[in-house]
Amino acid sequence: MNDESNSNANRVLQHIQDNPGCHLRKIKRELDMSMGTIQYHLILLEKQGKVSSERHNLHKYYFPIGLFEQNEKDILKILNQETAREILMIILEKKPTQTDIVNIIKISSASVNWHIKRLVELGLILEQKDGKFKRYTAGIDSKHIVSLMKNYHPNIWNKWSNRLAEMFLTLSKEDKEQ
Amino acid sequence: MILSNVFLETEPFGIESGIELGIVAFALILFALSITAYRNTNIKKILFAAAAFALFAIQLFVDSIEGYLVSLDENITGIILKLMTFVILALLFVAIVKKK
């Protein structure tokens, strides 16, 4: 690989590291490189194990390897959910308790509890004891979470399906006990 | 034979048929949404709701072709349709009360 090609590969890799979850057209727009060049480097970077990709709706999204320690696919599923994203945003803004989150997004505590449990399990948020309460903070670099949420967002179908799931969580008593 | 009867004897597309088609479409959309919700969340109880929506669409279909099913007794189809309604409500009930 010559110097120019190396430099292009590094630019693409750097862009993905700075913007996890970006897709081909966005990389092209922001790096002002030809589509063919970017595709070539993306294939190479994937083969070298430096980036991974995930197809979702019409786009293929790229992530730097090592951003998520595990459960990458589950984390992406979470980012498809409107409520989980709202909870993440609140957690990034301040260190809320579960009650704070319920009061802000105004959905049932059972539903908030269910989402928080999943976010903690995947390491996206951390639980900290504060006297009688538990407070939540970001589990990975907040800059990455914001970038992921900006780049990887749910479509209208996923929003609706998420609302259907919320409805069943709210109607059920299951998660209040967890 | 039965299917050809359905096509031959179908009345011109009226308001009633339009509404029925709309109901079936909504039931199918809700069914597909439930499947997506299950795949995203892995909450098993949503599958019961999905089954209820699918059964609802089937029930409407059976109801709309009831008149053309000459081989079936009217009482039997009536019982089948009522049983379907019962199962739909039972599935929705289970979806709500099921713990895990």
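As they're listed, the protein sequences go chains A and B.
This note's numbering numbers the first residue of the first sequence as 231 and each following residue consecutively.
This note's numbering numbers the first residue of the second sequence as 3 and each following residue consecutively.
Yeah, the Cβ is synthetic: ideal placement off N, Cα and C, and Gly gets one too.
- Sequence-distant partners of A239 (chain A) (beyond 5 residues in either direction) whose C-beta falls short of 8 Å from its own C-beta, in its chain, are M231, H271, L274 and L275.
- In the DSSP annotation of this structure, the continuous segment of the beta strand (DSSP E) that includes I355 (chain A) starts and ends at I355 to D360.
- Judged by DSSP in its simplified three-state form, H383 (chain A) adopts coil rather than helix or strand.
- In this structure, the beta-carbon distance from S282 (chain A) to I295 (chain A) falls below 8 Å.
- Inter-segment contact for the stretch 373-384 of chain A and the stretch 306-317 of chain A is present: three or more beta-carbon pairs are separated by less than 8 Å.
- DSSP, reduced to helix, strand and coil, places S282 (chain A) within a strand of the structure shown.
- Within a 10 Å sphere around the beta-carbon of R285 (chain A) sit fewer than 16 other beta-carbons, which makes this residue exposed.
- Neighbours of A97 (chain B) in chain A, taken as residues at a C-beta separation under 7 Å, are given in chain order as F398.
- Contacts with chain B at 8 Å (Cβ-Cβ) include K307 (chain A).
- Neighbourhood of Q311 (chain A) in chain B, by CB distance below 7 Å: N42, in chain order.
- Considering only B:I67, B:N77 and B:F55, the residue with the shortest C-alpha distance to T87 (chain B) is B:F55.
- If you compare the alpha carbons of B:D75, B:N44, B:I48 and B:T79 with that of I60 (chain B), the shortest gap goes to B:T79.
- Residues of the same chain with a CB within less than 6 Å of the CB of A51 (chain B), apart from the 5 flanking positions on each side, are S36 and A97 in chain order.
- In this structure, V332 (chain A) and S339 (chain A) form a Cβ contact; the two beta carbons are roughly 5 Å apart against a cut-off of 8 Å.
- At a cut-off of 8 Å between beta-carbon atoms, A51 (chain B) makes contact with chain A.
- Residue state for K336 (chain A) is assigned as coil, using DSSP reduced to three classes.
- For T43 (chain B), the enclosing alpha helix (DSSP H) stretches over residues I17 to T43.
- Within chain B, L35, T38, A39 and N42 have C-beta atoms less than 7 Å from the C-beta of S391 (chain A), given in sequence order.
- When 8 Å is used as the limit between beta carbons, N388 (chain A) is near these residues of chain B: T38 and N42, in chain order.
- The alpha carbon of S235 (chain A) has as its nearest neighbour, out of A:G361, A:F293, A:V376 and A:G266, the alpha carbon of A:G266.
- The three-state secondary structure of K347 (chain A), taken from DSSP, is helix.
- Against L394 (chain A), the close residues of chain B are L32, L35, S36, T38, A39, I48 and A51, in the order they occur along the chain (beta-carbon pairs closer than 9 Å).
- Residue A:G369 holds the alpha-carbon nearest to the alpha-carbon of K325 (chain A) among A:Y291, A:H289, A:G369 and A:R348.
- The C-alpha of I82 (chain B) lies about 22 Å from the C-alpha of A27 (chain B).
- K290 (chain A) sits in a strand when the DSSP states are folded into three classes.
- Among the residues of chain B, those whose CB is under 7 Å from the CB of L401 (chain A) are I98, following chain order.
- Taking C-alpha positions only, G20 (chain B) is separated from F95 (chain B) by approximately 29 Å.
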